[in-house]
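Trainee: Line order of the protein sequences matches chains A and B.
Just so it is clear: in the first sequence, position 212 is 212 by full-length UniProt numbering, and no numbers are missing.
Just so it is clear: in the second sequence, position 215 is 215 by full-length UniProt numbering, and no numbers are missing.
Protein chains: 2
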Amino acid sequence: MMEHAQEALFRPVRAGNAFEETVERLMQSIRLGVVAPGERLPSERELATRLGVSRVTVREAIRSLQENHYVESRRGRYGGTFVNEVLPKSAPGKEFGDLHDVLTLRKVLETGAAETAAGRSLGPAERRGLRARLEEASTSSLVEYRRKDSRLHLAVAEATGSAALTAAVAESRMRANELLDHIPLLEPNLAHSNAQHERIITSILDGDPATARQAMAEHLDGTASLLRGFLV
Amino acid sequence: MMEHAQEALFRPVRAGNAFEETVERLMQSIRLGVVAPGERLPSERELATRLGVSRVTVREAIRSLQENHYVESRRGRYGGTFVNEVLPKSAPGKEFGDLHDVLTLRKVLETGAAETAAGRSLGPAERRGLRARLEEASTSSLVEYRRKDSRLHLAVAEATGSAALTAAVAESRMRANELLDHIPLLEPNLAHSNAQHERIITSILDGDPATARQAMAEHLDGTASLLRGFLV
DNA sequence: CGCCAATGGCTCGCAGACATACCTTTGGAG
DNA sequence: CTCCAAAGGTATGTCTGCGAGCCATTGGCG
């Protein structure tokens, strides 16, 4: 009865408890640079509503982030929970999961996103957003690079106009970043990466799906082989 | 702070409660044909373990499927919960969600899966599996077609060797099927579909990624335009 | 200067989900 | 014919998470 498909369908319904999943989401929004250092998270009440979780759970999650020095909270009107300027290094990774699994899904999602985005007629705001992210990434320092890189790739996913695809890319990127945090980031790689970014964004803005896909594929293959090399 | 990516990251952490999600999973395994009519579901204890949910919750979910005449349970050794030969028609759909969203993600995932599968060296078992699913679908009756079609597409996803990708395809297909259940399935479409399936599987078995991707893209575009037409 | 809206901080009772244990039924193996 | 392993059926106590309400703090607005 299709033994292998069962592994997918009968996988755990819950990745963890509500608390753990909430921590994970907030962590993602910070690590992927969606909420930048110095910026404020949505209020506890708003997060509770949007995440579909009680405010108590949100608070416990935020407390956990505070203890790990990711955020600080201030009371009073115009207070809130703010992302720290200096972020802790990620905890020494657990397991390298299934490398093939992560890289396969990432490539499928992101090359597909690039192609789809290039095939759409983008509004002025979207075009500006893409250019801004490209600029951000190319002028970024080494320490900020991973975050700015993720913001750029997320912007590409957003440009497809599919929320589900954006969510899938965010999830996939988070898993890939866990691996990438364990290999060194060198200046030459960064320069190369920037050149590839330029080509990806240009072909999307020019409405050239085939080139966008190919450029993204090459870009991803680059880091994929770096990973395969370092993690043996 | 990247307003749109927030929609993805701050989406609800839970699609529903444990009971609802469990029903959803079991339903998927039946509707996608992963467990065929007459076949037995894994035991309650095994499902509880694999789904990461208590046995009580599994039983409540199964009870719900019984009441809707999807399955019947028999006690005693060699008993279990069996999928009924005649399945109820799907409940009249709720909302058409975001059509663009569903179709975009489906196309990205499935064309990517086809390309990836074609780029791998498949084992004899996998090759046989793909041929078997193709045969199944092509000789299927109208009433069984959707299920057999899903089995074939899931087999393609499995052939990528990525569990995460297979899970994503299953999820996406389920959402697409909810829409497809509301449009008629006609003989000519079916014949056309079978021809496309043939081409997809052949190019995967031949190790031709570009053709596999293109064939899958055409196949999906066919049903996509059907959908867009019928649902206005 | 005082008000007050919006934010984080806190508590308590209820419902859902869980773990665990035990009971009942069934049909093949010995 | 008997035994018993494996499956579904049932019951109970615990704990997590939720909802709802209230308190404490802060800084801009009138």
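Cβ coordinates follow ideal geometry from the N, Cα and C atoms, glycine included.
Just the chain B side, please: which residues come within less than 8 Å of A:V13 by C-beta, in chain order?
Mentor: As a working note, residue 13 of chain A is residue 13 in the first sequence. The contacting residues are A18, E21, T22, R25, L51, G52, V53.
Trainee: Beta carbon of B:E7, beta carbon of B:A15: below 7 Å?
Mentor: What you label residue 7 of chain B is simply residue 7 of the second sequence in a count that begins at 1. What you label residue 15 of chain B is simply residue 15 of the second sequence in a count that begins at 1. Result no, Cβ atoms of B:E7 and B:A15 do not sit closer than 7 Å.
Trainee: According to a CB-to-CB cut-off of less than 7 Å, which residues of the stretch 112–133 of chain A neighbour chain B?
Mentor: G112, A113, T116
Trainee: Can you tell me whether B:A149 is buried or exposed? The criterion is at least 16 other CB atoms within 10 Å of its CB, across all chains shown.
Mentor: Reading the second sequence from its first residue, position 149 is the one you call residue 149 of chain B. In the sequence as presented, Ala is not what sits at residue 149 of chain B; that position holds Asp. Only buried fits B:D149, as 16 or more other CB atoms lie within 10 angstroms of its CB.
Trainee: Identify whether A:R75 lies in helix, strand or coil by the three-state DSSP scheme.
Mentor: The sequence position of residue 75 of chain A within the first sequence is 75, counting from 1. Of the three classes helix, strand and coil, the one that applies to A:R75 here is coil, per DSSP.
Trainee: Please report the residue range of the beta strand (DSSP E) in which B:V83 lies.
Mentor: Residue numbering aside, residue 83 of chain B sits at position 83 when the second sequence is read from its first letter. Looking at the DSSP string, the run of the beta strand (DSSP E) that includes B:V83 is 80–83.
Trainee: How many Å lie between B:A137 and B:A191 at the Cα?
Mentor: On the second sequence, position 137 is the one that residue 137 of chain B refers to. On the second sequence, position 191 is the one that residue 191 of chain B refers to. Across the structure, B:A137 and B:A191 are spaced so that their CA atoms are roughly 11 Å apart.
Trainee: Reducing DSSP to helix, strand and coil, say where A:R14 ends up.
Mentor: Here residue 14 of chain A is taken as the residue at index 14 of the first sequence, counted from 1. Three-state DSSP puts A:R14 in coil, outside helix and strand.
Trainee: Pop quiz: B:P42 and B:L87 are said to be a contact at Cβ under 8 Å. What is the actual Cβ separation, rounded to whole angstroms?
Mentor: Along the second sequence, read from residue 1 onward, the residue named residue 42 of chain B stands at position 42. Along the second sequence, read from residue 1 onward, the residue named residue 87 of chain B stands at position 87. That pair is no contact at about 19 Å.
Trainee: So, does the stretch 18–35 of chain A touch the stretch 177–197 of chain B, judging by three or more C-beta pairs under 8 Å?
Mentor: No: fewer than three Cβ pairs fall under 8 Å.
Trainee: Taking buried to mean at least 16 other C-beta atoms within 10 Å of its own C-beta, is A:H69 buried or exposed?
Mentor: For the purposes of this step, residue 69 of chain A is identified with residue 69 of the first sequence, where counting begins at 1. A:H69 should be labelled exposed.
Trainee: Between the Cα of A:E126 and the Cα atoms of A:V71, A:T160, A:D221, which residue gives the shortest distance?
Mentor: Looking up residue 126 of chain A in the first sequence gives position 126. Closest by alpha carbon: A:T160.
Trainee: Does the separation of the CB atoms of B:R151 and A:F10 fall below 7 Å?
Mentor: Against the second sequence, residue 151 of chain B aligns to sequence position 151. Against the first sequence, residue 10 of chain A aligns to sequence position 10. No, the Cβ-Cβ distance between B:R151 and A:F10 is not below 7 Å.
Trainee: Taking the alpha-carbon positions, what's the B:D206 to B:S54 distance?
Mentor: As a position in the second sequence, residue 206 of chain B is number 206, starting the count at 1. As a position in the second sequence, residue 54 of chain B is number 54, starting the count at 1. The alpha-carbon atoms of B:D206 and B:S54 are separated by roughly 45 Å.
Trainee: Mark A:G229 as exposed unless 16 or more other C-beta atoms lie within 10 angstroms of its C-beta, in which case mark it buried.
Mentor: Mapped onto the first sequence, residue 229 of chain A falls at position 229. With fewer than 16 Cβ atoms within 10 Å of its Cβ, A:G229 is classed as exposed.
Trainee: Is A:K107 near A:L226, with beta carbons less than 7 Å apart?
Mentor: As a first step, residue 107 of chain A is located in the first sequence; it is residue number 107 there, counting from the start. As a first step, residue 226 of chain A is located in the first sequence; it is residue number 226 there, counting from the start. No. Outside cutoff.
Trainee: Is the beta carbon of A:P124 less than 7 Å from the beta carbon of B:G52?
Mentor: Position 124 of the first sequence, counted from the first residue, corresponds to residue 124 of chain A. Position 52 of the second sequence, counted from the first residue, corresponds to residue 52 of chain B. Their beta carbons are not under 7 Å apart, which means A:P124 does not touch B:G52 by this criterion.
Trainee: Helix or strand or just coil, what does DSSP make of B:R151?
Mentor: Your numbering for residue 151 of chain B matches position 151 in the second sequence. Correct three-state label for B:R151: helix.
Trainee: Going straight from the alpha carbon of A:Q66 to that of A:E144, what length do you get?
Mentor: As a first step, residue 66 of chain A must be located in the first sequence, where it is residue number 66. As a first step, residue 144 of chain A must be located in the first sequence, where it is residue number 144. So the two alpha carbons sit approximately 21 Å from each other.
Trainee: From what residue to what residue does the alpha helix (DSSP H) around A:A125 run?
Mentor: Here residue 125 of chain A refers to the residue found at position 125 of the first sequence. First-last of the alpha helix (DSSP H) with A:A125: 124–138.
Trainee: Where does B:R40 sit, in a helix, a strand or coil, going by DSSP?
Mentor: Taking the second sequence and counting its residues from 1, one reaches residue 40 of chain B at position 40. It is a strand residue.
Trainee: Run down chain A in chain order and give the residues with a C-beta less than 7 Å from the C-beta of B:H100.
Mentor: Looking up residue 100 of chain B in the second sequence gives position 100. G161, S162, listed in chain order.
Trainee: Starting from the Cα of B:G112, find the closest Cα among A:R213, A:A155, A:A224 and give me that residue.
Mentor: What you label residue 112 of chain B is simply residue 112 of the second sequence in a count that begins at 1. When each option's Cα is compared against that of B:G112, the closest is A:R213.
Trainee: Using a 10 Å radius around the Cβ and a threshold of 16 neighbouring Cβ atoms, would you call A:R77 buried or exposed?
Mentor: By 1-based counting over the first sequence, the position of residue 77 of chain A is 77. So A:R77 counts as exposed.
Trainee: What does a CB cutoff of less than 8 Å around B:N194 pick up in its chain, not counting 5 residues either side in sequence?
Mentor: For the purposes of this step, residue 194 of chain B is identified with residue 194 of the second sequence, where counting begins at 1. These residues qualify, in order along the chain: A137, S138.
Trainee: Along the chain, where does the alpha helix (DSSP H) that runs through B:P184 open and close?
Mentor: Position 184 of the second sequence, counting from 1, holds the residue named residue 184 of chain B. From DSSP, B:P184 is part of no alpha helix (DSSP H); its letter is neither H nor E.
Trainee: Within the 7 Å Cβ cut-off, does residue 233 of chain B reach chain A?
Mentor: Nothing can be reported for residue 233 of chain B, as the shown portion of chain B is limited to 1 through 232.
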